[in-house]
Structures are given as C-alpha cells and as structure tokens.
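Here the structure is laid out as structure tokens; the discussion comes afterwards.
There are 2 protein chains.
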Amino acid sequence: MLPLTVEEVELVSSKFQPRLYRKRQFILQEGDVCNVFNFVVIGCLRMYKIDESGSTHIIQFAIENWWISDMGSFYSMKPSEMCIEAVEDTTVLQIKHNDLLELYKKTTKLDRLFRILVEKSLIGMQQRLLQNLSSDARVRYESFLKQYSTLANRIPNTYIASYLGITPEFLSKIRNERVNRK
Amino acid sequence: MLPLTVEEVELVSSKFQPRLYRKRQFILQEGDVCNVFNFVVIGCLRMYKIDESGSTHIIQFAIENWWISDMGSFYSMKPSEMCIEAVEDTTVLQIKHNDLLELYKKTTKLDRLFRILVEKSLIGMQQRLLQNLSSDARVRYESFLKQYSTLANRIPNTYIASYLGITPEFLSKIRNERVNRK
DNA sequence: TCTAGATTAAGAGTATTTCCTAAACTATCT
DNA sequence: AGATAGTTTAGGAAATACTCTTAATCTAGA
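Taken in sequence, the protein lines are chains A and B.
With the first letter of the first sequence counted as 1, position 98 gets the number 100 in the working numbering; the numbers rise by one all the way through.
With the first letter of the second sequence counted as 1, position 71 gets the number 73 in the working numbering; the numbers rise by one all the way through.
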C-alpha cells in the first residue's frame, strides 16, 4: 500500500527474494503460517477467507507496488485462516519473518518504512470498513471502480463480487443498471 | 491497541501531555485536522462518521490502554470526516503531530513502538472487516460482546447499534431473542 | 421532581439481495 | 479445432434481514 521511491525499491530489492507465482498458485494456504511478507512487483494477488458456509470473502487485492501478507499470522506465527492466491502470473519480492526481524534490528529505515506502510494500509482498511458500514452494494461497486480502476478489467467479476460481498449474479444486475442509466 | 509495558508507559508519559475530557466532549470534530495522537489512560472514546443521510457509524471504540486518532487526517494534515468523542469522562495522553515526528527522528524505539501499534490496529481492523463481510447482525453482536466484554455494560445500546451498523430497535430484538434462547 | 433520552415491544413493510434456471459467451486444455 | 469448464448476463420468485412507526416503560441527568 506504499508506493516506494526508486531508492527504497533498490534497498528492498537487495534484501528480498524474488519469486514468480503462476496464475492460481498459492502464496499462502489456509492452515499454514504466513511466514513471508510480500511485495508485488508485477501481477495481482488476492487475499481471502472461506467462511463456514463455504463462501469466499476477498479482503484485499494487491497489485503492482502493493504489500500483502496475513499480518495476524505473520506476527503471531500461528496458522492463518486466509489464503493468498495469484490472480495473474505475479512476481513478488519476499522476506521471511526472521529476516525481517533481523533487518529491523539493523536498519532504522526499515522500521520506519514498515511503520509508514502499515499506517497507509490501516487508513485504507478503515475507509473500506466505513464504506461497508454505510453503503449498499451499488455505492461500494462505484468506489471499487474508483480505487482499483486499473484492476476492474483485469480480473473476473466473480472476484469483484466476492470483494464487495455479493453474488456474481447481483453484480451483473448492478452493472446492467449502470449501463442503462447512461 | 497496544498494551504497553511499564517502562514504555513511562517513556510515553514523559513525552505526552495528559488531558481530561468530560463525557460528550469532542477530541476531534468533523472538519478539523486531527493533529494529536491519543492514548486512553482511563475512560472510553468513540470515533464515528456521520454519513450523507445523517446516520452515524462508529468505526472504533477506544478504552483503557488503546490508541485512537484519525490516521488519515493525522498524516495528511487534511480536515477529518470523523468525530472522536468522549463516551465517559476520559483521560488521554496526547502527542502533537510535529512532536511525534520529532520523536521519530530522535528515538528508534518510537518508530518501532508505533509500527507494532499500528500493526495490531490493522490486524483488528481486518478482523472487523471480515466480520462485516461474512456475518449478519446477530453474529456481529456476539463478537462484539466477546471483544469488548467490559464495554457492553458501560455504554448505551444506541452506540453498540451504531457500531454494528443497525438500528437500536433491531439490536433490542436481537437482545430479546438471546435472552429467550437461554 | 421533571424532562429528555434510552430501551423494549410488536407489527407491517421494504429493499436489498439470494436462489434458481438457463442461455450465451470466453478461456483453457488436449 | 473441438470439448469442457468456468464466466457473464438475464429474469423472476422468494427469502431475509432489517427498517420504520408507534407507543409504553424505564433511566439518568438538571
């Protein structure tokens, strides 16, 4: 969630391991500990949870220059309830939990970098929560289009529906209404 | 959101200004810039937004040892869309935006402290979002009771309803059902 | 003690959303 | 190139979760 400057990308690149995930490969599976922090170089990931009734809920997409990990699992080292999956072929830079703790000890910059990064994530998450509390699916879809304008045409609508918390059929209705309105 | 150790509380106390807010006083009003970061020593605050249709949505309560501020406004120095208000007489420790930036320059500890603090906030916020995406009001109320067990009897039900995103009348129905079920 | 706000109650109503079925389209795999 | 599986659109019926309204009771603050 933090667009890095060129210098920062270089610092990060030197410490982090690059890795390619093919479409539909898992970066994290439910039940595993999330022991890496991921920075998306190119591509797109989605983080989601499958609830008791079997429906999936996408918490977050991560596209170019965004960070993603299940922070709950990453810091507690407990098994995650989430999955992180490649929506497209995706190149990430990864750092292992222990290595990150090492870096924290060595360089102030990283502590600061990650503080700012997490702050921005939190701000975004708060906005999203507010949206969900106060708006119906139509309004939420409009905001999604604004926030993820580049993404809307790259991913299946089923994912967007799952992000918005509605069925794909209902999203289709909303889209239809939108077109007719204009 | 970060329970501090005794030493950390002392460090923080020496740098932060204490301030008492009486019940219903505002720490932050809509339209003002959120230029302090607040740590609740005793009492309870609520942060909320009033939407276009006039209903209020409580994003977060902050009780003893929790942190609260509108981070979006705090870091951008732009006017906030939120209010932060004392639910009870509340003592907070406050640090001004500039002073915090100063501290960040001087002590690594604070950078780290706030990184961890914000991480925990983010984890909590994510859980809440997940709740809202996947559960109806009944389930959300049960989780509220678990997470804020000490709070449930301290604050009016209207606030709880506003936190859950439902009308007070409907919360009353849920409560009634609960009692009859047992 | 008075008043305003909070809570409970109960019934009718609504709207958002799901569910189901089905057809058309798209992408992927062999 | 053809088969297969997944995606999107469509439409109508149905459910459910929740609101709105009214009203009576209770509670806390001035």
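Backbone N, C-alpha and C fix where the C-beta goes; we use that ideal spot for every residue, glycine too.
Quantities reported herein were computed from a predicted structural model and do not represent experimental measurements.
Considering only C-alpha positions, which residue in the set the options is nearest to residue i?
{"i": "Gln31 (chain A)", "options": "A:Gln19, A:Ala88, A:Ser136", "result": "A:Ala88"}
{"i": "Val43 (chain A)", "options": "A:Met73, A:Ile65, A:Asn182, A:Leu131", "result": "A:Ile65"}
{"i": "Val8 (chain A)", "options": "A:Asn67, A:Met49, A:Ala139", "result": "A:Asn67"}
{"i": "Gly56 (chain A)", "options": "B:Ser151, B:Arg24, B:Ser137", "result": "B:Ser137"}
{"i": "Ile176 (chain A)", "options": "A:Ser151, A:Gly167, A:Arg156, A:Arg140", "result": "A:Arg140"}
{"i": "Met84 (chain A)", "options": "B:Ile125, B:Leu103, B:Ser82", "result": "B:Ile125"}
{"i": "Gln149 (chain A)", "options": "A:Gln129, A:Ile168, A:Gly167", "result": "A:Gln129"}
{"i": "Gly74 (chain B)", "options": "B:Thr93, B:Met49, B:Thr58", "result": "B:Met49"}
{"i": "Val35 (chain A)", "options": "A:Ser82, A:Thr58, A:Glu54", "result": "A:Ser82"}
{"i": "Glu179 (chain B)", "options": "B:Met79, B:Asn155, B:Glu144, B:Asp101", "result": "B:Glu144"}
{"i": "Thr58 (chain A)", "options": "A:Thr160, A:Ser174, A:Glu171", "result": "A:Thr160"}
{"i": "Ser16 (chain B)", "options": "B:Arg26, B:Leu105, B:Ser123", "result": "B:Leu105"}
{"i": "Gln19 (chain A)", "options": "A:Lys122, A:Pro158, A:Asp101", "result": "A:Asp101"}
{"i": "Asp72 (chain A)", "options": "A:Gly45, A:Ile168, A:Ser174, A:Ser123", "result": "A:Ser123"}
{"i": "Gly45 (chain B)", "options": "B:Asp53, B:Glu54, B:Arg26", "result": "B:Arg26"}
Name the two residues that bound the continuous alpha helix (DSSP H) containing residue i.
{"i": "Ile162 (chain B)", "result": "159-166"}
{"i": "Tyr77 (chain B)", "result": "73-78"}
{"i": "Leu147 (chain A)", "result": "139-149"}
When the distance is taken between beta carbons, is residue j closer than 8 Å to residue i?
{"i": "Ile70 (chain A)", "j": "Leu47 (chain A)", "result": "yes"}
{"i": "Asp91 (chain B)", "j": "Arg142 (chain B)", "result": "no"}
{"i": "Arg117 (chain A)", "j": "Phe116 (chain B)", "result": "yes"}
{"i": "Asn37 (chain B)", "j": "Leu135 (chain A)", "result": "no"}
{"i": "Phe76 (chain A)", "j": "Phe39 (chain A)", "result": "yes"}
{"i": "Val120 (chain B)", "j": "Val120 (chain A)", "result": "yes"}
{"i": "Phe63 (chain A)", "j": "Leu166 (chain A)", "result": "no"}
{"i": "Phe172 (chain B)", "j": "Ile162 (chain B)", "result": "no"}
{"i": "Asp113 (chain A)", "j": "Arg114 (chain B)", "result": "yes"}
{"i": "Lys51 (chain A)", "j": "Leu132 (chain B)", "result": "yes"}
{"i": "Thr110 (chain A)", "j": "Thr93 (chain B)", "result": "no"}
{"i": "Met79 (chain B)", "j": "Met127 (chain A)", "result": "no"}
How would you write the range of the beta strand (DSSP E) that residue i sits in, first residue to last?
{"i": "Glu87 (chain B)", "result": "84-88"}
{"i": "Leu105 (chain A)", "result": "Premise fails: Leu105 (chain A) lies in the alpha helix (DSSP H), 99-108, not in any beta strand (DSSP E)."}
{"i": "Leu30 (chain B)", "result": "28-30"}
According to DSSP, which residues form a beta bridge with residue i?
{"i": "Trp69 (chain A)", "result": "A:Phe41"}
{"i": "Ala64 (chain B)", "result": "B:Leu47"}
{"i": "Gln96 (chain A)", "result": "A:Gln19, A:Asn40"}
{"i": "Thr58 (chain A)", "result": "A:Ile52"}
{"i": "Pro170 (chain B)", "result": "In DSSP, Pro170 (chain B) forms no bridge with anything."}
{"i": "Val35 (chain A)", "result": "A:Pro81"}
Tell me whether residue i, by its Cβ, gets closer than 7 Å to a heavy atom of the ligand ZN.
{"i": "Lys111 (chain B)", "result": "Absence of the ligand ZN is noted for the structure shown, with no ligands found whatsoever."}
Query raised in the report: Would you call the region 16-34 of chain A and the region 90-103 of chain B touching, i.e. three or more CB-CB distances under 8 Å?
Result: Result no; under three Cβ-Cβ pairs closer than 8 Å.
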